[in-house]
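Colleague: Each number in this note's numbering comes from the position in the first sequence (counting from 1) with 3 added on. No residue lacks a Cβ here, since even glycine has one placed at the ideal position from N, Cα and C.
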Amino acid sequence: MSILPREFYQKPTLELAKALLGCELVKETDEGVASGYIVETEAYLGAQDQAAHSFNNKRTKRTEVMFGPAGNAYTYVMHTHCLFNVVSAEPEVPEAILVRAVEPLKGLDLMEQRRPGRKQKEWTDGPGKLTKALGIDPGDYGHALVRPPLYIQSGYTPDHISEGKRIGIDNSGEARDYPWRFWVTGNPYVSR
DNA sequence: TTTTGGATGTCCT
DNA sequence: GGACATCCAAAAA
């Protein structure tokens with residue numbers, strides 16, 4: 004088991020989205036370590052993707068990190084929740100990959116504490132849920148994912164990967180039909 | 001300075 | 001299936 008180097012992220016976004024499946028996402032806090040296997044991702048291809056925050060190369064304070072190098076964290080606060088993305092592509096090309104679900108691995112006691120009253124299956128089967136269970140927050144914005152307290156390391160290789168339309172972007176024109184969502188076939192922790 | 005709306009989750013009916 | 005919680009940045013005024 005080893006932390007994925009910066010070079011790992013130097014591949015086309017759609018390819019990286021699939022490569023991340025089965026990798027272990029780790030967050031270390033004062034309370035301890037929590038981690039899980041990534042089992043569901045979605046690609047957001049900046050300039051050509053109407054559903055992306057960076058559509059048409061729109062550069063703002065919020066999307067700024069997407070214009071940086073691949074391998075950094077892009078956290079985004081949505082309503083009452085925080086979402087976690089991995090920045091992809093080279094600098095000046097605003098692409099990223101949203102992690103939608105993980106399979107709990109380490110720090111199960113911590114996650115249970117952070118998700119009181121829920122079954123284990125419901126701890127991390129959604130983009131807002133997994134950040135809460137792992138302890139990822141807006142303070143991780145822009146963090147390089149190659150060192151603690153937040154990083155990704157190699158895991159297992161999924162037997163089969165499924166792909167389909169993305170979720171939660173119904174008002175994004177034809178971009179909503181792009182098959183840019185990937186998940187580990189048959190894994191019970193995918194959001195739906 | 002004010003308004004608007006969102007890559008969601010949870011609880012209610 | 002539907003309402004609503006609750007916060008920040010973008011866009012409008």
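Within 10 angstroms of its Cβ, does Ser-38 collect 16 or more other Cβ (buried), or is it exposed?
Modeller: Along the first sequence, read from residue 1 onward, the residue named residue 38 stands at position 35. It is buried - the Cβ of Ser-38 has at least 16 other Cβ atoms within 10 Å.
Colleague: For Val-80 and His-146, I'd like the C-alpha separation in whole angstroms.
Modeller: Counting from 1 along the first sequence, the entry for residue 80 is found at position 77. Counting from 1 along the first sequence, the entry for residue 146 is found at position 143. Our two residues, Val-80 and His-146, have alpha carbons roughly 16 Å apart in a direct line.
Colleague: Following the continuous alpha helix (DSSP H) through Lys-20, name the residue where it begins and the one where it ends.
Modeller: Taking the first sequence and counting its residues from 1, one reaches residue 20 at position 17. The amino acid occupying residue 20 in the given sequence is Ala; Lys does not appear at that position. Where Ala-20 is concerned, the enclosing alpha helix (DSSP H) stretches over 16 to 22.
Colleague: On a Cα-Cα basis, can you pick out the residue from Leu-19, Glu-10, Ala-22 and Lys-30 that is closest to Leu-113?
Modeller: Here residue 113 is taken as the residue at index 110 of the first sequence, counted from 1. That would be Lys-30, whose Cα lies nearest to the Cα of Leu-113.
Colleague: Going by Cα to Cα distance, which pick from Val-90, Ala-22, Lys-135 and Asp-52 is closest to Ile-172?
Modeller: Translated into the one-based positions of the first sequence, residue 172 becomes position 169. Checked all of Val-90, Ala-22, Lys-135 and Asp-52; the closest Cα to Ile-172 is Asp-52.
Colleague: What did DSSP end up calling Glu-93 once you bin it into helix, strand or coil?
Modeller: For the purposes of this step, residue 93 is taken as residue 90 along the first sequence, with counting starting at 1. Three-state result, Glu-93: coil.
Colleague: Under 8 Å, with one C-beta from each stretch per pair, do the segment 65 to 81 and the segment 106 to 124 reach the 3-pair mark?
Modeller: no
Colleague: Which first and last residues belong to the beta strand (DSSP E) in which Ala-46 is found?
Modeller: Here the question's residue 46 lines up with position 43 in the first sequence. Where Ala-46 is concerned, the enclosing beta strand (DSSP E) stretches over 35 to 48.
Colleague: Under the rule that 16 or more other beta-carbon atoms within 10 Å means buried, what is Tyr-154, buried or exposed?
Modeller: Numbered from 1 along the first sequence, position 151 holds the residue referred to as residue 154. Counting other Cβ atoms within 10 Å of its Cβ, Tyr-154 reaches 16 or more and is therefore classed as buried.
Colleague: For Glu-98, is the classification buried or exposed, using 16 other Cβ atoms within 10 angstroms of its Cβ as the cut-off for buried?
Modeller: To locate residue 98, count along the first sequence from 1; it is residue 95. The residue is buried, with at least 16 neighbouring Cβ atoms inside 10 Å.
Colleague: Candidates Val-105, Lys-109 and Gln-156: which alpha carbon is nearest Ser-194's?
Modeller: Counted from its first residue, the first sequence places residue 194 at position 191. The shortest Cα separation from Ser-194 among Val-105, Lys-109 and Gln-156 belongs to Val-105.
Colleague: Look at the Cβ atom of Tyr-40, then the Cβ atom of Leu-108, and state whether they are nearer than 7 Å.
Modeller: Within the first sequence, residue 40 is the residue found at index 37, counting from 1. Within the first sequence, residue 108 is the residue found at index 105, counting from 1. Yes, Cβ-Cβ distance for Tyr-40 and Leu-108 is below 7 Å.
Colleague: Mind reading off the beta-carbon distance from Ile-100 to Ala-20? Whole number of angstroms is fine, and I expect it under 8 Å.
Modeller: Stepping through the first sequence from its first residue, residue 100 is reached at position 97. Stepping through the first sequence from its first residue, residue 20 is reached at position 17. Contact holds; Cβ gap of about 5 Å.
Colleague: Starting from the Cα of Phe-185, find the closest Cα among Val-42, Glu-34 and Ala-136 and give me that residue.
Modeller: As a first step, residue 185 is located in the first sequence; it is residue number 182 there, counting from the start. For Phe-185, the closest C-alpha among the options Val-42, Glu-34 and Ala-136 is that of Val-42.
Colleague: Can you tell me where the alpha helix (DSSP H) holding Arg-1 begins and where it ends?
Modeller: The structure shown does not extend to residue 1, since the chain is modelled only from 4 to 195, so the question has no answer here.
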